[in-house]
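Add 1311 to a position in the sequence shown, counting from 1, and you land on the number used in our numbering. So the structure is just underneath, and the comments pick up after that.
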Amino acid sequence: MMAGVSTIAGQIAVVTAAYFIGAFPHLLILARLHRLSTEGDLHISLWQKAGPGWGLFATAVDVLKGIITIVIARLFGFDTGTVVIAALAVTCGQMWPVFKRFDGEKGNTTGFGAAVALSIVPALVSLIPVFMAIGLKAAKAFRLKDVPPSERLKTGAGQSAALPLGVALAFLALPLIAEALGESPEIVNGFAALFGLIMLRRLTAGLFQDLASGTSRWKIFWSRLLLDRPVTHP
């Protein structure tokens, strides 16, 4: 491990680097490689149109962004507080990337990658509702009739309420589990801030289109907060 880095310039440098790691436009590159639209959720687009293999690859890269950022920050000997800020910065980079006009993804995958690298046990325990939701979604998809198995894998069984709820519960549980397991205040507070960022992105992504639709603001709020779903794109 390298000697500790404590200068303000070093801290600014690692946080800035973290943002750009998160913002690296691998999804745009893959979408253009497969001649797909670069609008909307590129994870879903790659999964459904380029194939599950490419969808999994894109997701894995997002997770690795979070992990690599924490590994680099620790390798250079930054204190826990700075490492936690870098974790938030890499997640912000994925959600608000400069390379996509500050309109990126939802931060879930990169956020979890950073959380696992920060403290693996709370992160893995918090994933339980996500795995349960994935299991429910997969079971529903494979019960579909008159749909080839390959298509079930690509398209699933339509939108799932379980998965976005599971993800929200996972991020909500992170700081609570970390606190119960005696993690440092920096990590507990960092996980709480991560939950706040994820929810903020849910509430604000494409918000103006929803507000312009004339739909009740309470319906917009709950649809976004719980289901991660804009009402104008059911």
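Here a beta-carbon is modelled for each residue, glycine too, at the ideal position from N, C-alpha and C.
Practice task
Tell me, please, whether the region 1505-1521 touches the region 1417-1429 by the rule of three or more beta-carbon pairs shorter than 8 Å.
Solution key: The way I'd put it, the region 1505-1521 does touch the region 1417-1429; three or more beta-carbon pairs between them come closer than 8 Å.
Problem - Distance between F1389 and L1353 (C-alpha atoms, nearest Å) - result: Your numbering for residue 1353 matches position 42 in the sequence shown. Your numbering for residue 1389 matches position 78 in the sequence shown. Just so you know, the alpha carbons of L1353 and F1389 end up roughly 33 Å apart.
Practice task
Flag this pair as yes or no: are the beta carbons of L1480 and P1440 separated by less than 8 Å?
Solution key: As a position in the sequence shown, residue 1480 is number 169, starting the count at 1. As a position in the sequence shown, residue 1440 is number 129, starting the count at 1. A contact, by the Cβ cut-off of 8 Å.
Exercise for the section: Over the uninterrupted alpha helix (DSSP H) stretch that includes L1367, give me the two end residues. Expected result: Taking the sequence shown and counting its residues from 1, one reaches residue 1367 at position 56. Element bounds for L1367: P1363 to L1386.
Exercise for the section: Take the Cβ of R1513 as the centre, count every other Cβ of all protein chains shown within 10 Å, and call the residue buried at 16 or more, exposed below. Expected result: Here residue 1513 refers to the residue found at position 202 when the sequence shown is read from its first residue. Buried is the call here.
Practice task
Could you check if W1529 is buried or exposed, using at least 16 other CB atoms within 10 Å of its CB as the buried criterion?
Solution key: As a working note, residue 1529 is residue 218 in the sequence shown. By the neighbour-count rule (16 or more Cβ atoms within 10 Å), W1529 is not buried but exposed.
Problem - Cβ pair A1400, I1381 closer than 8 Å - result: Here residue 1400 is taken as the residue at index 89 of the sequence shown, counted from 1. Here residue 1381 is taken as the residue at index 70 of the sequence shown, counted from 1. Going by C-beta atoms, A1400 is not nearer than 8 Å to I1381.
Practice task
Evaluate S1534 with the Cβ neighbour count: other Cβ atoms within 10 Å of its Cβ, from every protein chain shown; 16 or more gives buried, anything less gives exposed.
Solution key: Walking along the sequence shown from the start, residue 1534 turns up at place 223. With 16 or more Cβ atoms within 10 Å of its Cβ, S1534 is classed as buried.
Problem - Nearest candidate by alpha-carbon position, reference G1424, set L1339, I1332 and P1496 - result: Locating residue 1424 in the sequence shown gives position 113, where the first residue counts as 1. Per the Cα distances, I1332.
Exercise for the section: Grab me the residues of L1522's own chain with a C-beta within less than 8 Å of its C-beta, minus the 5 sequence neighbours each way, in chain order. Expected result: If you number the sequence shown from 1, residue 1522 lands on position 211. Scanning its chain for C-beta atoms nearer than 8 Å, with the 5 sequence neighbours on each side dropped, one finds around L1522 the residues R1528 and I1531, in chain order.
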